[in-house]
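Engineer:
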Amino acid sequence: LHPFNVNAQGHLTIGGLDSIELANKYGTPLFVYDVEKIRQNARAFVDTFREQGIKAQVAYASKAFSSIAMIQVAKQENLSLDVVSQGELYTALKADFPVEKIHMHGNNKSIEEIEMAVEHDIGCIVIDNFYEIDLLAKTLQDRQKEMNVLIRVTPGIEAHTHDYILTGNEDSKFGFDLSNGQAEEAIQKLMNINSIHILGLHCHIGSQIFETDGFTMAVERLFQTLSDWKSRFQFESEVLNLGGGFGIRYTKDDDPLPLSIYVQSLIDTVKKQVQTYRMEFPEIWIEPGRSIVGDAGLTLYTLGSVKDIPNVRKYVSVDGGMTDNLRPALYNAEYDAVIANNVYSKNKEEVSVAGKCCESGDMLIWNIELPIVKNNDILAVFSTGAYGYSMSNHYNRFPKAAVVFVESGQDKLVIKRESFEDMVQNDLSYE
Ligand code: LLP
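Just so we're aligned, residue 2 is where the sequence shown starts under UniProt numbering, counting upward by one.
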């Protein structure tokens, strides 16, 4: 089910290393990434485009997990980068990521964010709203600079996923609607600004999507628009950015397609549309986040208290929870786990895994079969590489976990565990 192995002692291994030794060395909760798996995921996207001679950019959506080391891996794999804030851009610059391959998103970009993007000559800004057009035009004029942009549109496609993470339907805070003339108004406005070069259209239909139909419908809708805009505004799209959202496996109920299949489907659909409308073949850009890092990472926890309510439930608590993985509390997201020091034990029981935050909703996994648990067992929760560390928080003033990269039999600490002193460093005294 998950791309990890077990050694002779029955311990889970990650990139060939014993997870229990990692837990002992770095403490828990601990995020561990198999870097080889990150590279494989990235290459599944990049190689499928390259093998068919399709001009493409695969932009890693760094919101899924942004850190200097991760951005360096993205750079090594020739990915582009999607950032949505000054903080993510700052991290990318610190990692020396090539600026021309950085794309900036956001539905409420601040003037500071726009200025930072312009100052560093990033590759493109994805225009989301009218307010931002004015801010960008003014910034470019003041600085005598130019900028490439994509126009983010909402094609009205509902992807089959959890409501909270739907961003492509029409009642959305993101982008310009295609159905009510706002996208047309945006392109006309942008075409009148000399310092702005419009590369093309962008859409993102949602996240954790398993089927290709939603993407196909979105591409078809974009081409209808482009065909219309070609005749009315003489506008041709050099680039079509189809966003991210490719699903991954969290539990056995999830059945994602191989990543190359999503890409193949996009290529085939674009090919068909190009023929239908007799248009130039655009560059295809995508923005996968979860599918690059999600299944490459896991979290190690130490088990502590057990509360057995006879005939009801057995709660086993870990030393982390919604502070390092908000997804179960926020989306009812489901995860799979094993006892990393005793993977193969036949003697099993059903338990529910609780976090340690003061909140009843802080449950990581309901009703999972695990070997009979003991204090100080190490629990490994799989597929926590995306939106785990990046959504972690300081509730109850738990320090943020550490992150370790494993590759070629070597482990490397890439984010230090936070100290209590780190946590209070911005607190000021009132005495
Ligand atoms: N591009 C845009 C414009 C996006 O809004 C997103 C995700 C992505 C790309 C990357 O999507 P991915 O390939 O990772 O699915 N916190 C939620 C996911 C929120 C996704 C937001 N946008 C979760 O934990 O499931």
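The C-beta atom is built at its ideal place from N, Cα and C for all residues, glycine as well.
Which same chain residues end up closer than 7 Å to G17 when comparing Cβ atoms and leaving out the 5 residues on each side of it in sequence?
Structural biologist: Position 16 of the sequence shown, counted from the start, is the residue given in the question as residue 17. Result list for G17: G410, in chain order.
Engineer: Specify, as a first and last residue, the run of the alpha helix (DSSP H) that F216 falls within.
Structural biologist: As a working note, residue 216 is residue 215 in the sequence shown. Here the alpha helix (DSSP H) through F216 covers D214 to F234.
Engineer: Can you tell which of H3, Q10 and L94 has its C-alpha closest to the C-alpha of D35?
Structural biologist: Taking the sequence shown and counting its residues from 1, the one referred to as residue 35 is at position 34. When each option's Cα is compared against that of D35, the closest is H3.
Engineer: Compare the Cα-Cα distances from C204 to each of I285, L258 and D256 and report the closest residue.
Structural biologist: For this step, residue 204 is matched to residue 203 along the sequence shown. Per the Cα distances, I285.
Engineer: In the DSSP assignment, what are the bridge partners of N343?
Structural biologist: If you number the sequence shown from 1, residue 343 lands on position 342. N343 is not bridged to any residue.
Engineer: Can you tell me whether P4 is helix, strand or coil according to DSSP?
Structural biologist: Walking along the sequence shown from the start, residue 4 turns up at place 3. Correct three-state label for P4: coil.
Engineer: Please report the distance separating the alpha-carbon of residue 1 from that of L137.
Structural biologist: In the structure as shown, the chain begins at 2 and stops at 432. Residue 1 is therefore absent and cannot be evaluated.
Engineer: Drop a sphere of 10 angstroms on the beta-carbon of V425, count the other beta-carbons inside from all chains shown, and report buried for 16 or more, exposed for fewer.
Structural biologist: Counted from its first residue, the sequence shown places residue 425 at position 424. Result: exposed.
Engineer: Is M71 near ligand 1, going by C-beta to nearest heavy atom under 7 Å?
Structural biologist: Here residue 71 refers to the residue found at position 70 of the sequence shown. M71 Cβ: outside cutoff for every heavy atom of ligand 1.
Engineer: How big is the Cα-Cα spacing for G305 and N108?
Structural biologist: Working through the sequence shown from its first residue, we reach residue 305 at position 304. Working through the sequence shown from its first residue, we reach residue 108 at position 107. If I take the Cα positions, the gap works out to 42 Å.
Engineer: Determine whether the beta carbon atoms of S111 and T92 lie at a separation below 8 Å.
Structural biologist: Counting from one through the sequence shown, the residue named residue 111 turns up at place 110. Counting from one through the sequence shown, the residue named residue 92 turns up at place 91. Not a contact, by the Cβ cut-off of 8 Å.
Engineer: Using a Cβ-based criterion (distance less than 7 Å to any ligand heavy atom), does F66 qualify as near ligand 1?
Structural biologist: Position 65 of the sequence shown, counted from the first residue, corresponds to residue 66. Not under cutoff, so the answer is no.
Engineer: Is the number of C-beta pairs between the stretch 229-240 and the stretch 189-199 that are closer than 8 Å three or more?
Structural biologist: Yes: the two stretches touch, three or more of their Cβ pairs being nearer than 8 Å.
Engineer: Any chance the CB of E288 is under 7 Å from a heavy atom of ligand 1?
Structural biologist: On the sequence shown, position 287 is the one that residue 288 refers to. Checking the Cβ of E288 against ligand 1 gives yes.
Engineer: Taking the beta strand (DSSP E) that N368 falls in, what are its first and last residues?
Structural biologist: Working through the sequence shown from its first residue, we reach residue 368 at position 367. First-last of the beta strand (DSSP E) with N368: M364 to P372.
Engineer: Can you list, in chain order, the residues of its chain with a C-beta nearer than 7 Å to that of Q274? Leave out the 5 residues immediately preceding and following it.
Structural biologist: On the sequence shown, residue 274 is found 273 positions in, with the first residue counted as 1. For Q274, where only same-chain residues beyond five positions count, the Cβ hits under 7 Å are V220, E221 and F224.
Engineer: By a C-beta neighbour count over all protein chains shown, 10 Å radius and 16 as the cutoff for buried, is D83 buried or exposed?
Structural biologist: Numbered from 1 along the sequence shown, position 82 holds the residue referred to as residue 83. Its Cβ being crowded by 16 or more others within 10 Å, D83 is buried.
Engineer: D423: buried (16+ other C-beta within 10 angstroms of its C-beta) or exposed?
Structural biologist: As a first step, residue 423 must be located in the sequence shown, where it is residue number 422. It counts as exposed.
Engineer: To the nearest angstrom, how far is it from the Cα of K272 to the Cα of F175?
Structural biologist: Position 271 of the sequence shown, counting from 1, holds the residue named residue 272. Position 174 of the sequence shown, counting from 1, holds the residue named residue 175. Whole-angstrom Cα-Cα distance: 27 Å.
Engineer: Helix, strand or coil, according to DSSP, for M280 in the structure here?
Structural biologist: Numbered from its first residue, the sequence shown carries residue 280 at position 279. Coil at M280, not helix or strand.
Engineer: Report the rounded CA-to-CA distance for Y431 versus E101, giving the unit in angstroms.
Structural biologist: To locate residue 431, count along the sequence shown from 1; it is residue 430. To locate residue 101, count along the sequence shown from 1; it is residue 100. Y431 and E101: Cα-Cα distance of roughly 46 Å.
Engineer: From this set, C359, N326, L202 and I39, which residue's C-alpha is nearest P283's C-alpha?
Structural biologist: For the purposes of this step, residue 283 is taken as residue 282 along the sequence shown, with counting starting at 1. Nearest C-alpha to P283: L202.
Engineer: According to DSSP, is L18 helix, strand or coil?
Structural biologist: Locating residue 18 in the sequence shown gives position 17, where the first residue counts as 1. Strand, per DSSP.
Engineer: Beta-carbon within less than 8 Å of V405's beta-carbon, same chain only, minus the 5 sequence neighbours each way: which residues are those?
Structural biologist: Working through the sequence shown from its first residue, we reach residue 405 at position 404. These residues qualify, in order along the chain: L23, Y27, L31, F32, V33, Y34, D412, K413, L414 and V415.
Engineer: Counting pairs of beta carbons, one from the stretch 144-162 and one from the stretch 113-129, are three or more of them closer than 8 Å?
Structural biologist: Yes, the stretch 144-162 is in contact with the stretch 113-129.
Engineer: Just to confirm, is the Cβ distance from H12 to N342 under 8 Å?
Structural biologist: Within the sequence shown, numbered from 1, the residue matching residue 12 stands at position 11. Within the sequence shown, numbered from 1, the residue matching residue 342 stands at position 341. Going by C-beta atoms, H12 is nearer than 8 Å to N342.
Engineer: Alpha carbon to alpha carbon, what distance is there between N333 and Y165?
Structural biologist: On the sequence shown, position 164 is the one that residue 165 refers to. On the sequence shown, position 332 is the one that residue 333 refers to. With a pLDDT of 47 at Y165, under the threshold of 50, the predicted position of this residue should be treated as unreliable, though the coordinate-derived value follows. Their backbone Cα atoms lie some 11 Å apart in a straight line.
Engineer: Would you call K64 buried or exposed, if buried means 16 or more other Cβ atoms sit within 10 Å of its Cβ?
Structural biologist: For the purposes of this step, residue 64 is taken as residue 63 along the sequence shown, with counting starting at 1. When all chains shown are included, K64 counts as buried.
Engineer: Compare the C-alpha of V339 against each of T300, G322, D320 and L327 and name the closest.
Structural biologist: Residue mapping note: residue 339 aligns to position 338 of the sequence shown, counting from 1. When each option's Cα is compared against that of V339, the closest is T300.
Engineer: Counting along the chain, where does the alpha helix (DSSP H) carrying E120 start and finish?
Structural biologist: For the purposes of this step, residue 120 is taken as the residue at position 119 of the sequence shown. Element bounds for E120: I112 to E120.
Engineer: Using the rule of at least 16 other Cβ atoms within 10 Å of the residue's Cβ for burial, across every protein chain shown, is H395 buried or exposed?
Structural biologist: Taking the sequence shown and counting its residues from 1, the one referred to as residue 395 is at position 394. Flag for H395 reads exposed.
Engineer: Check R398 in the structure and name its three-state DSSP category.
Structural biologist: Translated into positions along the sequence shown, residue 398 becomes position 397. In the structure shown, R398 sits in a helix (DSSP, three-state: H, G or I).
Engineer: Helix, strand or coil: how does DSSP classify M105 here?
Structural biologist: As a first step, residue 105 must be located in the sequence shown, where it is residue number 104. Residue state, collapsed to three classes: strand.
Engineer: What residues in its chain sit with their C-beta under 7 Å from that of S266, if we drop five residues either side in the sequence?
Structural biologist: On the sequence shown, position 265 is the one that residue 266 refers to. For S266, where only same-chain residues beyond five positions count, the Cβ hits under 7 Å are T213, F216 and T217.
Engineer: Check whether the stretch 320-328 and the stretch 356-370 touch, using three or more Cβ-Cβ pairs below 8 Å as the test.
Structural biologist: Touching, yes.
Engineer: Starting from M424 and walking both ways along the beta strand (DSSP E), at which residues does that stretch end?
Structural biologist: Mapped onto the sequence shown, residue 424 falls at position 423. M424 -> not in any beta strand (DSSP E); alpha helix (DSSP H) instead, spanning F421 to V425.
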